[in-house]
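Each remark here refers to the structure printed beneath this line.
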Amino acid sequence: MRMVCIGYNYGINPDAFFPSEAGKNYTATRYLKPFMDMRDRFTVFSNLDHPGVKGGHAAVHAFLSGVLANQAKDRPGRNVSVDQMAADHVGSDTRFASLQLDIGGAKSIKSWTRMSWTRNGVPAPPITDLRQVFDGLFQETSESQKKRLARSNKLNSSILDVVMDDAALLKKRLNPKDLDKLDEYFTSIREVEKRLNMSEDWLNTAKPVVDFRLPDPMPIHFVEKVPLYYELIKLALQTDSTRVVSYAISEWDGSSGIDGVDQGYHTLTHHGRDETRLSQLRKVEDFLAKAQADFIRSLDAVKVEEGRSLLDQTMVLSGSGMGNASSHSNVKLPLMLAGGGFRHGEHKVYSAKEHSKTPACNLYLTMLQRFGLEVDQFGTSTGTLDNFS
Numbered sequence: 002m003r004m005v006c007i008g009y010n011y012g013i014n015p016d017a018f019f020p021s022e023a024g025k026n027y028t029a030t031r032y033l034k035p036f037m038d039m040r041d042r043f044t045v046f047s048n049l050d051h052p053g054v055k056g057g058h059a060a061v062h063a064f065l066s067g068v069l070a071n072q073a074k075d076r077p078g079r080n081v082s083v084d085q086m087a088a089d090h091v092g093s094d095t096r097f098a099s100l101q102l103d104i105g106g107a108k109s110i111k112s113w114t115r116m117s118w119t120r121n122g123v124p125a126p127p128i129t130d131l132r133q134v135f136d137g138l139f140q141e142t143s144e145s146q147k148k149r150l151a152r153s154n155k156l157n158s159s160i161l162d163v164v165m166d167d168a169a170l171l172k173k174r175l176n177p178k179d180l181d182k183l184d185e186y187f188t189s190i191r192e193v194e195k196r197l198n199m200s201e202d203w204l205n206t207a208k209p210v211v212d213f214r215l216p217d218p219m220p221i222h223f224v225e226k227v228p229l230y231y232e233l234i235k236l237a238l239q240t241d242s243t244r245v246v247s248y249a250i251s252e253w254d255g256s257s258g259i260d261g262v263d264q265g266y267h268t269l270t271h272h273g274r275d276e277t278r279l280s281q282l283r284k285v286e287d288f289l290a291k292a293q294a295d296f297i298r299s300l301d302a303v304k305v306e307e308g309r310s311l312l313d314q315t316m317v318l319s320g321s322g323m324g325n326a327s328s329h330s331n332v333k334l335p336l337m338l339a340g341g342g343f344r345h346g347e348h349k350v351y352s353a354k355e356h357s358k359t360p361a362c363n364l365y366l367t368m369l370q371r372f373g374l375e376v377d378q379f380g381t382s383t384g385t386l387d388n389f390s
């Protein structure tokens with residue numbers, strides 16, 4: 002099983018996303034129209050969100066975890082995100098336990114835009130450059146680079162040994178509160194060791210050869226970059242270079258390249274019902290919906306075994322930690338799940354009443370169990386998602 006998590010950091014206009022009818026016979030909204038030829042391959046969810054999570058943009062980072070970073074300290078698993086839970090399960094079975102991608106460029110990387118979080122409550126750094134993604138996946142490492150990486154790994158391993166020895170001596174002199182901090186430190190070191198070992202294991206394994214090259218010169222517009230990232234994600238999954246990907250879509254660096262759009266993405270989401278901004282936002286979301294639908298179709302076109310497609314073996318979650326960017330609301334998240342072998346084809350509407358709401362983490366727990374994890378709790382989950390399997 003594989004998992005892709007697509008995060009729209011500025012949300013999706015709820016009027017364009019949520020159908021007005023529940024069940025199988027819902028009428029497609031503007032946003033969903035590009036997906037409708039695959040109606041039985043995805044599910045739309047209404048009224049799922051994260052209990053107690055609020056703060057507008059500052060809460061978007063909880064999209065895949067259900068837990069705010071500043072409230073995670075005393076929680077088991079802290080604010081680990083669903084993709085990183087899955088990545089830990091994959092371990093060294095693939096060259097990359099997970100890929101974290103962000104199309105917004107380095108300038109877009111802020112604390113609130115981070116989607117992927119480790120068990121230590123540390124944000125997993127995203128890659129913001131298409132060339133770096135392609136080279137990491139498919140560009141063969143030269144012998145001189147391999148030797149340099151091997152030396153670097155050996156040096157780093159030696160440094161970690163010294164640090165662990167010093168920390169073990171220090172442990173005898175600490176009070177309980179400081180011991181907790183030291184245990185966190187030990188856990189972080191062990192994660193670094195694990196990554197070093199994984200790097201060593203794959204260093205001399207040839208990378209897959211694919212019939213794809215990035216354009217030259219490299220594209221500079223958002224409208225050109227979005228589908229290229231999707232193509233690289235598909236190839237990464239198809240070649241089993243990774244089984245877990247998160248893809249954050251935020252502000253474009255420079256121009257969007259979308260006809261008729263001359264304002265920034267963030268500005269457009271704060272439309273305040275202004276028709277000029279709404280008109281441009283619709284064009285942006287039309288483009289993003291079509292790009293995502295094309296990606297899902299491309300997964301379905303790849304046949305893997307016994308007539309099954311790559312989409313059958315890939316859960317594609319999309320949504321946002323923002324329910325309505327115009328009002329800075331973090332409730333009623335715009336969630337969609339495609340593929341993964343689930344029984345799809347519906348708009349599932351859950352209770353909107355505060356005392357009986359269903360956490361979005363119930364969906365995430367359902368996904369983790371489908372991924373193969375034997376877990377019965379994730380984030381703020383109260384169980385798996387009712388009426389969905």
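Here the working numbering is used: the first residue of the sequence shown is 2, the next is one more, and so on.
Ideal placement from N, C-alpha and C gives every residue a C-beta, glycine not left out.
These numbers come from a predicted model, not from an experiment.
Going by DSSP, residue 301 is part of the alpha helix (DSSP H) stretching over 276-302. Straight-line measurement puts the Cα of residue 269 at about 10 Å from the Cα of residue 276. Per DSSP, residue 264 lies in no alpha helix (DSSP H) and is assigned neither H nor E. An exposed status is given to residue 376, since fewer than 16 other beta-carbon atoms sit within 10 Å of its beta-carbon. Taking the C-beta atoms as reference points, residue 266 is found no nearer than 7 Å to residue 286. The segment 58-75 and the segment 117-128 touch, with three or more beta-carbon pairs separated by less than 8 Å. Collapsing the DSSP output to three states places residue 365 in a helix. Residue 33 and residue 295 have their C-alpha atoms some 12 Å from each other.
Per the coordinates, the alpha-carbon of residue 237 lies some 34 Å from the alpha-carbon of residue 55. With the rule of 3 Cβ pairs closer than 8 Å, the segment 131-142 counts as touching the segment 217-237. When the five nearest sequence neighbours on each side are left out, the beta carbons in the same chain lying within less than 6 Å of the beta carbon of residue 7 are those of 248 and 319, in order along the chain. The beta carbon of residue 330 lies closer than 7 Å to those of 324 in the same chain, with the five residues before and after it left out. By the beta-carbon neighbour count (other beta carbons within 10 angstroms, threshold 16), residue 78 is buried.
Residues 242 and 243 of the same chain have their beta carbon placed closer than 7 Å to that of residue 97, with the five preceding and five following residues left out of the count. Taking residue 234 as the centre and dropping the five residues before and after it, the same chain places the C-beta of 5, 100, 102, 246, 248 and 296 closer than 8 Å to its C-beta, in chain order. Within the model, the alpha-carbon separation for residue 342 versus residue 68 is close to 28 Å. Rounded to the nearest whole angstrom, the CA to CA distance from residue 280 to residue 261 is 9 Å. Distance from the Cα of residue 16 is smallest, within the candidate group 118, 333 and 240, for 333.
Counting the other Cβ atoms within 10 Å of the Cβ of residue 71 gives fewer than 16, which makes it exposed.
Residue 246 sits in a strand when the DSSP states are folded into three classes. A check of alpha carbon separations from residue 301 across 337, 316 and 348 identifies 316 as the nearest. In chain order, 9 and 104 place their CB closer than 6 Å to the CB of residue 250, counting only its own chain and leaving out the 5 sequence neighbours on each side. The distance from the Cβ of residue 42 to that of residue 340 is about 6 Å, consistent with a contact at the 8 Å cut-off. Residue pairing from DSSP places residue 349 in a beta bridge opposite 46.
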